[in-house]
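Asks:
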Amino acid sequence: MRTKKEECIIDEMGRVSLPSLFMQLTKLETNDKVFLRSCDDWIIIDHHDENENVPVPSHIFIRTINHMGRIVIPRSLRDDYELKPFDYVELYVIEQQIVMKKRDEKSTALSQKPAAPPPYYATLTGRQIQLTSEFLTSVGLDANTEVQFFINQKNNIVIQKYEMSFGKKTTLTFTAQSRKIDDRFRLTIPKKLRDEFSIHSGTMLKIKTGNKQLILEKVENEKEISSVLSQQIDAAIIGKLLK
């Protein structure tokens, strides 16, 4: 029986981040080797037992789930299913397998650009916010990427990839602040901005995506904060029960 559908984005290297819940359901772990094969409209991801000395047919591929839960979709499979960087794919769990297919274009807005993911909520811990690989990939960012901080016309903090550009027309105000996303996808909010926007440890931030941008809004509505915290607690409980 299928679980709740998840959608992921193929990054520029042809990788997909496997949802942690799906890995728990299928008993997969980081650094595990898996089979990938095609079946009709689907790509099937299944366990690979290294102890079985059985020849692998040419249409079946073996790949390793990396330490961040990402897996490379072989180039020939991406070509067969016309999967390109930043395309969305749908993932389900059936029995002990993860199955994946390209998202139905009929459900996509009439645009060449992928739909923006829903807002991501992060609570400031000390000076840092915790981001995710999938969310960063959706705006062309990744671990160890240096970013710059701006202020937009709505007085929100905007984060973009660091670039040297002079005389470029923009509606953003540069704050002269830049930081690097660390290898665990954490980002430090500069003290100047924390003070200016009254952001401190424990503050919840709503993070939306724009055109290769992350847009940060301070969450002050108590109902919204309560709802988000409730969802996070539920997810944590489910994660513990599945272990």
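Numbering (this note's numbering), first residue to last: 51 to 293. C-beta atoms are modelled at their ideal positions from N, C-alpha and C, and glycine is treated no differently.
State the start and end residues of the unbroken beta strand (DSSP E) segment that holds Met254.
Replies: First-last of the beta strand (DSSP E) with Met254: 254 to 259.
Asks: DSSP three-state label for Glu132, please.
Replies: The answer is coil: DSSP assigns Glu132 none of H, G, I, E or B.
Asks: What runs of the beta strand (DSSP E), each 3 residues or longer, lie entirely inside the region 199 to 252?
Replies: Whole beta strand (DSSP E) segments, 3+ residues: 207 to 211, 223 to 230, 236 to 238.
Asks: Give the DSSP-derived three-state secondary structure of Arg125 in the structure shown.
Replies: In the structure shown, Arg125 sits in a helix (DSSP, three-state: H, G or I).
Asks: How long is the line joining the alpha carbons of His250 and Arg244, rounded to whole angstroms?
Replies: Cα to Cα, the separation comes out at about 6 Å.
Asks: Which partner residues does Thr114 have in the DSSP bridge list?
Replies: The partner list for Thr114 (beta bridge, DSSP) reads Lys83.
Asks: From which residue to which residue does the beta strand (DSSP E) around Ser67 run?
Replies: It spans 65 to 67 - the beta strand (DSSP E) in which Ser67 sits, taken as one unbroken run.
Asks: Shorter than 7 Å, the distance from the beta carbon of Lys258 to the closest heavy atom of the ligand FAD, or not?
Replies: Of the ligands one can find in the structure shown there are none, so the ligand FAD has no counterpart to examine.
Asks: For Lys55, does the three-state DSSP call read helix, strand or coil?
Replies: DSSP places Lys55 in coil when its eight states are reduced to three.
Asks: Within the same chain, show all residues whose beta-carbon is closer than 6 Å to that of Asp61, passing over the 5 residues directly before and after it, in chain order.
Replies: Cβ within range, chain order: Thr187.
Asks: Is the beta carbon of Arg234 closer than 8 Å to that of Ser183?
Replies: Going by C-beta atoms, Ser183 is not nearer than 8 Å to Arg234.
Asks: For the beta strand (DSSP E) containing Leu264, name the first residue and the last one.
Replies: Taken as a continuous stretch (DSSP letters only), the beta strand (DSSP E) holding Leu264 covers 264 to 268.
Asks: Going by C-alpha distance, which of Gln203, Arg236, Thr238, Lys211 is nearest Thr223?
Replies: The option with the nearest alpha carbon to Thr223 is Gln203.
Asks: Under DSSP, the alpha helix (DSSP H) around Leu71 begins and ends at which residues?
Replies: Unbroken alpha helix (DSSP H) run through Leu71: 70 to 75.
Asks: Report, in whole angstroms, the separation of the C-beta atoms of Ile179 and Leu237, which I expect to be a contact under 8 Å.
Replies: Indeed, because the Cβ distance is near 6 Å, the residues count as touching under 8 Å.
Asks: Just to confirm, are Leu141 and Glu56 a CB contact at a threshold of 8 Å?
Replies: Cβ distance < 8 Å, so Leu141 and Glu56 count as in contact.
Asks: What's the C-alpha gap between Glu274 and Phe85?
Replies: Cα-Cα distance, rounded: 42 Å.
Asks: Where does Ile275 sit, in a helix, a strand or coil, going by DSSP?
Replies: Note: Ile275 maps to helix in three-state DSSP.
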